[in-house]
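**Student:** Below: one structure in structure tokens.
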DNA sequence: GGGTATATGTTTCCTGCGGGAACATTTTAC
DNA sequence: GTAAAATGTTCCCGCAGGAAACATATACCC
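Chains as they are written, first to last, in my numbering: chain A, 13 to 405; chain B, 13 to 405.
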């Protein structure tokens, strides 16, 4: 490798990836694809970058970078601008920026509302539509809303090129993304949501769990930016959603049900949870309880203690570099920050517990849209030349 | 890619890997390295394979496979044999097998004994030395033993070529493998064990946590062979060691302390643990307690219930395809198999809980040697042409 | 204002790798 | 003994990135 990064690579404690390699040959053109991907990914996450920076970051030759950037420009994915004044000596390097007319759509069906956004490849939310609903939407409702909102948004943006649509669903999604297995608050069970959306919208569609999408967004443009080992807890009306990034890989599990930290047992003699067990985190700390305790310091302390216990347990399993709290857990952390941090430190059994940063998630109301769009952009980022875009009518 | 495998690749829910790619260019010769690695890895895990099988598995051209295998043979890593009688029509394909004189050393310092083995690249344990000790060995003891035993083993094997030495340490190891941060039962703290071993033995040395090494071995040649999402629990005199494979990646954590499932809180009103918390799994279920309960059915039932609760919690977090139990937890599972499985099913909150296989680990007394040797082989497997072997004097 | 140093873009040529086709080899089937 | 099938081998091609020479655009110095 041209230069060492701090990144864990495949052999380094990653046995399975090594065996996987055995099942794949590598052709010459994979190299090209990989490098196009590397450049588009770099400007996607890193914002506008000069060709010179790309050359340094990738270790590739100037001439190679030139050819790659030209190809990305011809594909309509990036634009090259003349450099701004830098004050540095030497010929100014051209600035490569992602084209903002390349967008992904993001859909978030929730109990009380349907929301769709168009997110540019630079992470900006360009347009959004929201519809409040009085009863939880059916899958058909969500598809109809998505179809209508996608048309409006495309008109508003004047002919964007669309990489696809990502949907963030509050519930269990099968590991292949095809089936919403169980979204209890929506009342969806065994719904082929991906296929329904894809057929209606005539776009590539990816469906995933909302917590995973949230963490993805925070990793991409939020509070966990670039941190590869992260635990994420989101408190919402539908309970506590969890997700984790393990060495740069999203924890999904064998069937797609990984990261359900809301059903981690915290009090063995606690209240019975809807899942059948006792003392699950989301049974012990939830929105109604926190609302009721808004002005009860002792109760809030108790909930903070419970949250700290959950975090300590998760640190014990994952040893994350950061723990991200969103939703009402972020709110609880805001009002009991010192207590939570102190109790986590006290409960941690390992050395250097103070190294773990506990933080509130950053992206607020855009989080799920950004995360779902990120997911929709993924195929394009991996294979810029081989992934067609859909031009909105 | 030439053909789809069932493997999660980088973009598929793995945001960080995508960004990582941005930091790396790919040179043309990476392709060669990748393909050499793929072939050596395939015969390492898959045993002897014909060239024709390699051609099919990798999707590479016959001529390319020919060149790659020739290079591996010139490097002294594989041998080509004439085919056995197959009964099939057509010219018989040559059989490629790893050379058994290519070995890795594996060291396991434990409270009551020091052990070193030589493991061939096909996974066979060729030789071993063991020394019982009355008091826990110091790092210096372990280094001295390793030096002596390595000499003996090399002599016995008549000039093996050594890829390196892997050490499996019962304790916390820093993420870079340099420092044994805390091995309580050995009494080691902040020991630069890797460097000490490397200087004494003049070999590449890798140090890791014993549970990680154990899971690695089971994944390579044992009960978790090829399963990419696995939770592993090992009960030993030093407590409960845990490890997990997440989408083919070893869970390590930001500082190397991940997977400490022995300190997962199981009974919030349980006994106080040495880590300062209450009701940790290893405080609730441990060797002394199980020994005392050997003929007490009710007590065994209780421990089985506790184990099931821990497994249910881990399933909730990891959604593994398999849960592997080793050491005394394997023993407990053997005598309470039905109960454990039934309770795990009852406690699981997700659908299809019966899909998760709970099994006893398979490799027995060779596990840590095989796992540590696997770890030592990793650099060679990743870069066969660029990783020098040490010829034993 | 002009020359020089510096950094970058561009062009040209080279090397290395895998693919493919033709040919050689070794087996089974009839 | 001949044909068919599968595989190994050889030779040549295309494509990707690297290196060096050259072109270009800036800052700095006088």
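Where is the CB? At the ideal position from N, CA and C, for every residue including glycine. Since we're looking at a predicted model, the values are computed, not measured.
1. Residues of chain B with CB closer than 9 Å to the CB of residue 280 of chain A, please, in chain order.
2. Hey, quick one: how far does the beta strand (DSSP E) through residue 120 of chain B stretch, first residue to last?
3. In three-state terms, what does DSSP make of residue 225 of chain B?
4. CA-CA distance, residue 285 of chain A and residue 359 of chain B?
5. Cutting at 7 Å between CB atoms, please list the residues of its own chain near residue 347 of chain B, excluding the five before and the five after it.
6. Could you tell me the distance, in whole angstroms, from the CA atom of residue 115 of chain B to the CA atom of residue 233 of chain B?
7. Mapping the DSSP letters down to three states, classify residue 98 of chain B as helix, strand or coil.
8. Which residues, in chain order, does the stretch 324-345 of chain B contribute to contact with chain A at a C-beta distance below 7 Å?
9. With burial defined as no fewer than 16 other Cβ atoms inside 10 Å of the residue's Cβ, what is the status of residue 356 of chain A: buried or exposed?
10. Using a Cβ-Cβ cut-off of 8 Å, state whether residue 381 of chain A counts as contacting chain B.
11. For a cutoff of 8 Å on Cβ pairs, would you count residue 272 of chain A as touching chain B?
12. Could you name each continuous beta strand (DSSP E) segment of 3 residues or more that falls completely within the stretch 177-209 of chain B, going from the start of the chain to the end?
13. Is residue 269 of chain B close to chain A? Criterion is C-beta to C-beta, closer than 8 Å.
14. Suppose contacts are defined by Cβ-Cβ distances below 8 Å. Is residue 217 of chain B in contact with residue 330 of chain B by that definition?
15. Closer than 6 Å by C-beta to residue 246 of chain A: which residues in its own chain qualify, once you throw out the five before and the five after it? Chain order, please.
16. May I have the straight-line CA-CA distance separating residue 180 of chain B from residue 318 of chain B, to the nearest angstrom?
17. Can you give the Cα-Cα distance for residue 322 of chain A and residue 169 of chain B, rounded to whole angstroms?
18. Note the first and the last residue of the continuous beta strand (DSSP E) segment covering residue 132 of chain A.
19. Starting from residue 77 of chain B, trace the alpha helix (DSSP H) in both directions and tell me its first and last residue.
20. Have a look at the DSSP bridge pairing and note the partners of residue 243 of chain A.
21. Please list, in chain order, the chain A residues whose beta carbon lies closer than 7 Å to that of residue 266 of chain B.
22. Hey, is residue 359 of chain A's beta-carbon within less than 8 Å of any beta-carbon in chain B?
23. May I ask you to verify whether the stretch 70-85 of chain B touches the stretch 41-58 of chain B, counting CB pairs closer than 8 Å and requiring at least 3?
24. Can you find the residues in the same chain that come closer than 7 Å, C-beta to C-beta, to residue 387 of chain A, ignoring five residues on each side of it along the sequence?
25. Tell me the start and end of each unbroken beta strand (DSSP E) in the stretch 338-391 of chain A that is at least 3 residues and wholly inside, in chain order.
26. Which residue's Cα is closest to the Cα of residue 159 of chain B: B:117, B:401, B:43?
27. When the Cα atoms are used, what is the spatial distance from residue 18 of chain B to residue 400 of chain A?
28. The beta strand (DSSP E) spanning residue 155 of chain B covers which residue range?
29. Let's see if you can read the secondary structure: which residues bound the alpha helix (DSSP H) around residue 63 of chain B?
30. Do residue 381 of chain B and residue 120 of chain B come within 8 Å of each other at the CB atom, strictly closer than that value?
31. Give a yes or no on whether the minimum CB-CB distance between residue 259 of chain B and chain A is below 8 Å.
32. How about residue 187 of chain B and residue 264 of chain B: do their beta carbons lie closer than 8 Å?
33. DSSP state of residue 312 of chain B, grouped into three classes?
34. On the DSSP bridge list, what partners appear for residue 219 of chain B?
35. Which residues does DSSP pair with residue 139 of chain A in a beta bridge?
36. Run through DSSP, which three-state label would residue 300 of chain A get?
**Tutor:** Based on what the coordinates show:
1. Start at 1 with the first residue of the first chain, and residue 280 of chain A comes out as number 268. Ordered by position in chain B, the residues that pass the 9 Å Cβ test against residue 280 of chain A are 277, 278, 279, 280, 281, 282, 291, 321.
2. Here residue 120 of chain B is taken as the residue at index 108 of the second chain, counted from 1. It spans 114-121 - the beta strand (DSSP E) in which residue 120 of chain B sits, taken as one unbroken run.
3. Translated into the one-based positions of the second chain, residue 225 of chain B becomes position 213. Correct three-state label for residue 225 of chain B: helix.
4. Counting from 1 along the first chain, the entry for residue 285 of chain A is found at position 273. Counting from 1 along the second chain, the entry for residue 359 of chain B is found at position 347. Answer to the nearest angstrom: the Cα atoms are 11 Å apart.
5. As a working note, residue 347 of chain B is residue 335 in the second chain. Same-chain partners within the cutoff: 312.
6. For the purposes of this step, residue 115 of chain B is taken as residue 103 along the second chain, with counting starting at 1. For the purposes of this step, residue 233 of chain B is taken as residue 221 along the second chain, with counting starting at 1. Cα to Cα, residue 115 of chain B sits roughly 16 Å from residue 233 of chain B.
7. As a position in the second chain, residue 98 of chain B is number 86, starting the count at 1. Residue state, collapsed to three classes: coil.
8. 325, 328, 329, 330, 331, 332, 333
9. Here residue 356 of chain A is taken as the residue at index 344 of the first chain, counted from 1. By the 10 Å Cβ count, residue 356 of chain A comes out buried.
10. If you number the first chain from 1, residue 381 of chain A lands on position 369. Residue 381 of chain A does not count as touching chain B.
11. Position 260 of the first chain, counted from the first residue, corresponds to residue 272 of chain A. Yes, residue 272 of chain A counts as interfacial toward chain B.
12. 192-195, 200-203
13. Walking along the second chain from the start, residue 269 of chain B turns up at place 257. Yes, because at least one Cβ of chain A sits closer than 8 Å to the Cβ of residue 269 of chain B.
14. One-based indexing of the second chain puts residue 217 of chain B at position 205. One-based indexing of the second chain puts residue 330 of chain B at position 318. No; because the gap between Cβ atoms is not below 8 Å, this pair is not in contact.
15. In the first chain, the residue the question calls residue 246 of chain A occupies position 234. The answer, listed in chain order, is 223, 226, 253, 338, 339.
16. As a position in the second chain, residue 180 of chain B is number 168, starting the count at 1. As a position in the second chain, residue 318 of chain B is number 306, starting the count at 1. One C-alpha to the other measures close to 28 Å.
17. Looking up residue 322 of chain A in the first chain gives position 310. Looking up residue 169 of chain B in the second chain gives position 157. The straight-line gap from Cα to Cα measures roughly 51 Å.
18. The count along the first chain starts at 1 and reaches residue 132 of chain A at position 120. Here the beta strand (DSSP E) through residue 132 of chain A covers 125-132.
19. Within the second chain, the letter at position 65 stands for residue 77 of chain B. Start and end: 74-86.
20. For the purposes of this step, residue 243 of chain A is taken as residue 231 along the first chain, with counting starting at 1. The partner list for residue 243 of chain A (beta bridge, DSSP) reads A:256, A:335.
21. Indexing the second chain from 1 puts residue 266 of chain B at position 254. In chain order: 241, 331, 332, 333.
22. In the first chain, counting from the first residue as 1, residue 359 of chain A sits at position 347. It does; some Cβ of chain B falls within 8 Å.
23. yes
24. Numbered from 1 along the first chain, position 375 holds the residue referred to as residue 387 of chain A. Excluding sequence neighbours, residue 387 of chain A sits near 178, 218, 220, 225, 228.
25. 369-372
26. In the second chain, the residue the question calls residue 159 of chain B occupies position 147. Nearest C-alpha to residue 159 of chain B: B:117.
27. For the purposes of this step, residue 18 of chain B is identified with residue 6 of the second chain, where counting begins at 1. For the purposes of this step, residue 400 of chain A is identified with residue 388 of the first chain, where counting begins at 1. Only weak support exists for where residue 18 of chain B lies, its pLDDT of 22 falling under 50; the value from the coordinates is given anyway. Approximately 24 Å, taken between the alpha carbons.
28. As a first step, residue 155 of chain B must be located in the second chain, where it is residue number 143. Residue 155 of chain B -> not in any beta strand (DSSP E); alpha helix (DSSP H) instead, spanning 151-169.
29. One-based indexing of the second chain puts residue 63 of chain B at position 51. From DSSP, the alpha helix (DSSP H) with residue 63 of chain B extends over 63-70.
30. Residue 120 of chain B sits at position 108 when you count from the first residue of the second chain. Residue 381 of chain B sits at position 369 when you count from the first residue of the second chain. It is a contact, given that the beta carbons lie within the stated cut-off.
31. As a position in the second chain, residue 259 of chain B is number 247, starting the count at 1. Chain A, which has a Cβ nearer than 8 Å to the Cβ of residue 259 of chain B, makes this yes.
32. The residue you call residue 187 of chain B lines up with position 175 of the second chain. The residue you call residue 264 of chain B lines up with position 252 of the second chain. In contact: residue 187 of chain B and residue 264 of chain B (Cβ atoms closer than 8 Å).
33. Locating residue 312 of chain B in the second chain gives position 300, where the first residue counts as 1. Three-state DSSP puts residue 312 of chain B in a helix.
34. Looking up residue 219 of chain B in the second chain gives position 207. Residue 219 of chain B is bridged to B:179.
35. Sequence index remark: in the first chain, residue 139 of chain A carries index 127 (1-based). Answer is A:130, bridged to residue 139 of chain A.
36. For the purposes of this step, residue 300 of chain A is taken as the residue at position 288 of the first chain. Of the three classes helix, strand and coil, the one that applies to residue 300 of chain A here is helix, per DSSP.
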